[in-house]
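Protein chains in written order, with our numbering: chain A, 35 to 790; chain B, 1383 to 1577.
Built from N, CA and C at the ideal position, the CB exists for glycine as well.
Below is one structure, written out as structure tokens; comments come after it.
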Amino acid sequence: MPAFSCAFPGCRRDLLVIVLVVFVGIGLPIEASAPAYQSHGTEGSHLTNITNTKKAFPVLAVNYEHVRKPFEIALWILLALLMKLGFHLIPRLSAVVPESCLLIVVGLLVGGLIKVIGEEPPVLDSQLFFLCLLPPIILDAGYFLPIRPFTENVGTILVFAVIGTLWNAFFMGGLLYALCQIESVGLSGVDLLACLLFGSIVSAVDPVAVLAVFEEIHINELVHILVFGESLLNDAVTVVLYNLFEEFSKVGTVTVLDVFLGVVCFFVVSLGGVLVGAIYGFLAAFTSRFTSHTRVIEPLFVFLYSYMAYLSSEMFHLSGIMALIACGVVMRPYVEANISHKSYTTIKYFLKMWSSVSETLIFIFLGVSTVAGPHAWNWTFVITTVILCLVSRVLGVIGLTFIINKFRIVKLTKKDQFIVAYGGLRGAIAFSLGYLLSNSHQMRNLFLTAIITVIFFTVFVQGMTIRPLVELLAVKKKKESKPSINEEIHTEFLDHLLTGVEGVCGHYGHYHWKEKLNRFNKTYVKRWLIAGENFKEPELIAFYRKMELKQAIMMVESGQLPSVLPSTISMQNIQPRAIPRVSKKREEEIRRILRANLQNNKQKMRSRSYSRHTLFDADEEDNVSEVRLRKTKMEMERRVSVMERRMSHYLTVPANRESPRPGVRRVRFESDNQVFSADSFPTVHFEQPSPPSTPDAVSLEEEVPKRPSLRADIEGPRGNASDNHQGELDYQRLARCLSDPGPNKDKEDDDPFMSC
Amino acid sequence: MGSRASTLLREEEIEEIKKETGFSHSQITRLYSRFTSLDKGENGTLSREDFQRIPELAINPLGDRIINAFFPEGEDQVNFRGFMRTLAHFRPIEDNEKNKDPIASEPLNSRSNKLLFAFRLYDLDRDDKISRDELLQVLRMMVGVNISDEQLGSIADRTIQEADQNGDNSISFNEFIKVLEKVDVEQKMSIRFLH
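Structure below.
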């Protein structure tokens, strides 16, 4: 994450002061609970014994108990977020140490502080963790799961998740049992089942930790989806193994029937979870079909249905994580076709916000719990656990990859394998599962200590070193890509091509089934789940429309006027708006001129025209200064258009014109220079969609229609025959504000008319 | 390369095809049986009607173009070698082939040959450029009939704007390659069956 230096020298100090205040503030409420009781008591007695001593009416009273719980929760969250804020202000720290490590350290400090004060530090309550903190992170991951790479690699992911986790659990459990048999360790009381239970808890790769670390290293998509997908899908395995061994360790014996039931249970848990998630997903999609009049609560449906899916599957001891993922994946295409753009943005930001808060809280609580929790330290056991974790992971990955590569088209290279193995971090889920162990396990404390040590090791050592290792090994990084209509078209084209060739070969492969699913979706499912007539819209058109819409909104929001023409092309098949239309011939001319100027312009601008074509990323919206610049340009533009309106009287002016408005141009030139460096605004393109029919839209139609009629006639006859450097420069200046080319300096004689 | 009347595949033919396309022996025999099952006329060649009888191609928006890709210029029949030569484009790229001596001509399933194959499906008139009209035709085939011409026109314009770098208002092969550099063509244009 990029760190920026403080705006002013004192702010870092101020922040530390705030942090200290918050620290103290945590101590206060705990102490304040004592006197609070007294004041409450006196009030009560005051009311009941009115005839007794008459006190002065309490103008100001402290009643902490009244607000205690929400106050403490809010304070914790605030602390967590302030910490997060603080890290990014320290420039070099956030580049070296991943955030998760820092947060754990903070947790340790806070826990230590609380202990010093003498209070009992709060432990990461498993119920709190599983019901409140984990779901937002998983929903965020599931809703924005990149489907294409996921489905292309789903076989590999499943192999790693299921077989890899099983291997880890048994390998570790077995070897630890063997270790415990050695007399010198002093753990001879530990039986095999307890060890296997421990193995199953520690073996699972944790999605929270993986997300936290991988988010910062921007590894290539394949490796990212492999590790991340594995961390999500191994939840089913973990749930089954954990319940299995927990049950067995109470009973003490295992029969073949039990093992068989365990296998069946695995399928039930995973497929059941997916089914529950899918049902809720379809419900959510169906509900979103009717929300066109109540746009404000649309995001809530998404969140609530997903949470219900999670809770329902947890109720049946199915895999809640898989339910959540399935719900998000199923619901997304339909919901996004139905909801307004603002709801989409809201969903995106709320999910990111909640998952961010959750992640921060989880890591801080991990730190606090470490200080709090009962510990039982046994050097051999703990060290062996850590080493075995690494060893089993590496062996598992290498072995499985060897088998998988026989079936893959694109093989996993050694570098990929290394990152997959090294990125297998353990995290809070392991801790919570360990914490859930009932106290009847005599080894509980030892297990907890070992789990915490493993977590610390993986998060600190592996988390910190993975970034330099990625650099060192020159592993392929993620290529930053913007939604490109080209890629979309060509990818769909290739899909059809491959489906056809598979048909020729007589082979029912990947593309064949994908095509079948698509067709089923289009004919049966979409008409039920997508509102209005939109279900007929092909995906390509929907994609294009969204892209245009985002660009239009971005332009409007930043003060640019959207387009030369009002959209004569209604991309949403709605009835035409009451906008004066431009004749087709003129449209063609304008288009031709624009295109020509765009080509010239492109060569000048070294960056690609659509490089700012991102989905409302945070960095866009942070550029307040740029928005201001654009607003100033908009002002000038208004002036320009006023002048242009005057030009409308002189449509038959011959081609030779001089520079029309030297004054305005000069002003524009300066600001344009500034903008040049800051921005590579998507160059014009001609057709903007009309603002969407939802009430959220902004329409700037009144300004727009005037221009094309003027421009085309004046520019038309000249074409771009001698668009020389000057013309390009003009165009560059204007391109950001206006959507039509500026007049050439050489060929204008509008001066006499531009007398304003 | 005229049509051969033989319906049995001779060893030397298999060897030749193996050398040219890189398929293995078992694959060639497997695909030969597919070829013969498609060849209703039993004359050792496939005609366009034979292809159109394949149900997946009939409903495929690009069906006609794919069929045309199998037939060499101006001909109406394709024999087994031509069939294999076209299919060779979709063979997965082997690791050992990547290190192979580049003296031999580029294998048919190299990344650029795959892309060239796709490019030629767009570029019907073989002028090495995808013009706006060619793009429009493909778009029309893919999105169906409900979308108006102007909408498609604007999409086509935008597509060309994005990709075009030398300002000729069409997409050349190099620009095509550049646009697809983020797409994993080795994986996308390979059929595991042909592995």
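#1: Kindly list, in the order they appear in chain A, the residues whose Cβ is closer than 9 angstroms to that of residue 1528 of chain B.
#2: Within 10 Å of its beta-carbon, does residue 166 of chain A have 16 or more other beta-carbons around it, so buried, or fewer, so exposed?
#3: My guess is that residue 1568 of chain B and residue 1475 of chain B are in contact by the Cβ rule of under 8 angstroms, so how many angstroms apart are they, rounded?
#4: Label residue 441 of chain A either buried or exposed according to how many other C-beta atoms from any shown protein chain fall within 10 Å of its C-beta, with 16 as the threshold for buried.
#5: Tell me, to the nearest whole angstrom, how far the beta carbon of residue 145 of chain A is from that of residue 391 of chain A; I am working on the premise that it is less than 8 angstroms.
#6: Quick one: residues in its chain with C-beta nearer than 7 angstroms to the C-beta of residue 186 of chain A, no 5 flanking neighbours on either side, listed in chain order?
#7: Whose C-alpha, out of A:347, A:87, A:413, is nearest the C-alpha of residue 218 of chain A?
#8: Using a Cβ-Cβ cutoff of less than 8 angstroms, which residues in the same chain neighbour residue 292 of chain A once the five nearest sequence positions on both sides are dropped?
#9: Whose C-beta lies closer than 7 angstroms to the C-beta of residue 500 of chain A among residues of the same chain, with five residues either side of it excluded?
#10: Looking at C-alpha atoms only, which residue of A:192, A:269, A:280, A:194 is the closest neighbour of residue 230 of chain A?
#11: Chain B beta carbons: is any one of them nearer than 8 angstroms to that of residue 372 of chain A?
#12: Could you compute how far the alpha carbon of residue 409 of chain A sits from the alpha carbon of residue 238 of chain A?
#13: Here's a check: name, in chain order, each residue in its chain whose Cβ is nearer than 8 angstroms to the Cβ of residue 1421 of chain B, leaving out the five neighbours to either side.
#14: Alpha carbon to alpha carbon, what distance is there between residue 1547 of chain B and residue 182 of chain A?
#15: Can you name the start and end residues of the alpha helix (DSSP H) that residue 1432 of chain B belongs to?
#16: Starting from residue 423 of chain A, follow the alpha helix (DSSP H) in both directions and report where the run begins and ends.
#17: Judging by CA-CA distance, which residue of B:1438, B:1456, B:1467, B:1457 is the nearest neighbour of residue 1413 of chain B?
#18: Taking Cβ positions, are residue 310 of chain A and residue 343 of chain A nearer each other than 8 angstroms?
#19: With DSSP collapsed to three states, give me the class of residue 372 of chain A.
#20: Within the chosen definition, does the segment 154-161 of chain A reach the segment 465-473 of chain A through at least 3 CB pairs nearer than 8 angstroms?
#21: Determine the extent of the alpha helix (DSSP H) in which residue 298 of chain A is found, giving its start and end residues.
#22: Taking Cβ positions, are residue 1562 of chain B and residue 524 of chain A nearer each other than 8 angstroms?
#23: Determine, for residue 554 of chain A, whether the minimum Cβ-Cβ distance to residues of chain B falls below 8 angstroms.
#24: Mind checking the segment 1514-1525 of chain B against chain A and listing, in chain order, the residues whose C-beta falls within less than 9 angstroms of any C-beta there?
#25: Taking 8 angstroms as the threshold, find out whether the segment 335-353 of chain A comes into contact with the segment 391-400 of chain A through three or more Cβ pairs.
#26: Out of A:432, A:112, A:364, which one is the CA nearest neighbour of residue 555 of chain A?
#27: Which residue's Cα is closest to the Cα of residue 848 of chain A: A:156, A:208, A:308?
#28: Just to confirm before moving on: does the CB-CB distance between residue 483 of chain A and residue 213 of chain A stay below 8 angstroms?
#29: To the nearest angstrom, how far is the alpha carbon of residue 304 of chain A from that of residue 270 of chain A?
#30: In whole angstroms, what separates the C-alpha of residue 531 of chain A from that of residue 1518 of chain B?
#31: What are the residues that DSSP puts in a beta bridge with residue 1554 of chain B?
#32: Using the Cα positions of residue 513 of chain A and residue 253 of chain A, report the straight-line distance between them to the nearest angstrom.
#33: Could you work out which residues of chain A lie near residue 1570 of chain B, taking near to mean beta carbons separated by less than 8 angstroms?
#34: So if DSSP puts residue 1427 of chain B in a beta bridge, which residue, or which two residues, is it bridged to?
#35: Taking all protein chains shown into account, do 16 or more other C-beta atoms lie within 10 angstroms of the C-beta of residue 27 of chain A, making it buried, or fewer, making it exposed?
#36: Give the interface partners of residue 1470 of chain B over in chain A, defined as CB-CB distance under 9 angstroms, in chain order.
From the atom records:
#1: Those within 9 angstroms of residue 1528 of chain B in chain A are 570, 571, 572, 575, 607.
#2: The residue in question, residue 166 of chain A, is exposed, as its Cβ has fewer than 16 Cβ neighbours within 10 Å.
#3: In this structure residue 1568 of chain B is in contact with residue 1475 of chain B, their Cβ atoms being roughly 5 angstroms apart against a cut-off of 8 angstroms.
#4: By the beta-carbon neighbour count (other beta carbons within 10 angstroms, threshold 16), residue 441 of chain A is exposed.
#5: About 19 angstroms separates the Cβ atoms of residue 145 of chain A and residue 391 of chain A, ruling out a contact at the 8 angstroms cut-off.
#6: If you ignore the 5 residues before and after residue 186 of chain A, its C-beta comes within less than 7 angstroms of no other C-beta in its own chain.
#7: Looking at the Cα atoms, A:413 is the closest of the given residues.
#8: Once the five neighbours on either side are set aside, the close Cβ partners of residue 292 of chain A are 278, 282.
#9: Cβ neighbours of residue 500 of chain A beyond the five flanking positions: 247, 251, 456, 457.
#10: The residue from A:192, A:269, A:280, A:194 with its alpha-carbon nearest to that of residue 230 of chain A is A:280.
#11: Interface with chain B (8 angstroms Cβ-Cβ cutoff): residue 372 of chain A is excluded.
#12: Their backbone Cα atoms lie some 22 angstroms apart in a straight line.
#13: Cβ contact annotation for residue 1421 of chain B (same chain, cutoff 8 angstroms, sequence separation greater than five): 1427, 1428, 1432, in chain order.
#14: One C-alpha to the other measures close to 29 angstroms.
#15: From DSSP, the alpha helix (DSSP H) with residue 1432 of chain B extends over 1430-1434.
#16: It spans 413-438 - the alpha helix (DSSP H) in which residue 423 of chain A sits, taken as one unbroken run.
#17: The shortest C-alpha separation from residue 1413 of chain B is found at B:1467.
#18: Cβ distance < 8 angstroms, so residue 310 of chain A and residue 343 of chain A count as in contact.
#19: Looking at residue 372 of chain A - three-state DSSP - the assignment turns out to be helix.
#20: Three or more pairs of CB atoms, one per stretch, sit closer than 8 angstroms, so the segment 154-161 of chain A contacts the segment 465-473 of chain A.
#21: Segment 290-322, the alpha helix (DSSP H) holding residue 298 of chain A.
#22: Taking 8 angstroms as the Cβ cut-off, residue 1562 of chain B and residue 524 of chain A qualify as a contacting pair.
#23: In terms of beta-carbon proximity, residue 554 of chain A stays away from the interface with chain B, with every pair separated by 8 angstroms or more.
#24: Per Cβ criterion, the list reads 1517, 1520, 1521, 1523, 1524, 1525.
#25: The segment 335-353 of chain A, when compared against the segment 391-400 of chain A, does not touch it at the 8 angstroms Cβ threshold.
#26: Nearest option by C-alpha distance: A:364.
#27: No statement about residue 848 of chain A is possible, as the shown extent of chain A runs from 35 to 790 and does not include it.
#28: The answer is no: Cβ separation not under 8 angstroms.
#29: The straight-line gap from Cα to Cα measures roughly 5 angstroms.
#30: Separation of residue 531 of chain A and residue 1518 of chain B (C-alpha to C-alpha, rounded to the nearest whole angstrom) is 17 angstroms.
#31: Residue 1554 of chain B is bridged by DSSP to B:1511.
#32: Approximately 9 angstroms, taken between the alpha carbons.
#33: The answer, in chain order, is 525, 528, 532.
#34: Per the DSSP secondary-structure output, residue 1427 of chain B pairs in a beta bridge with B:1461.
#35: For chain A, the structure presents residues 35 to 790; residue 27 of chain A sits outside this window and is missing.
#36: Near residue 1470 of chain B there are no residues of chain A at all, since even the closest Cβ is about 11 angstroms away, more than 9 angstroms.
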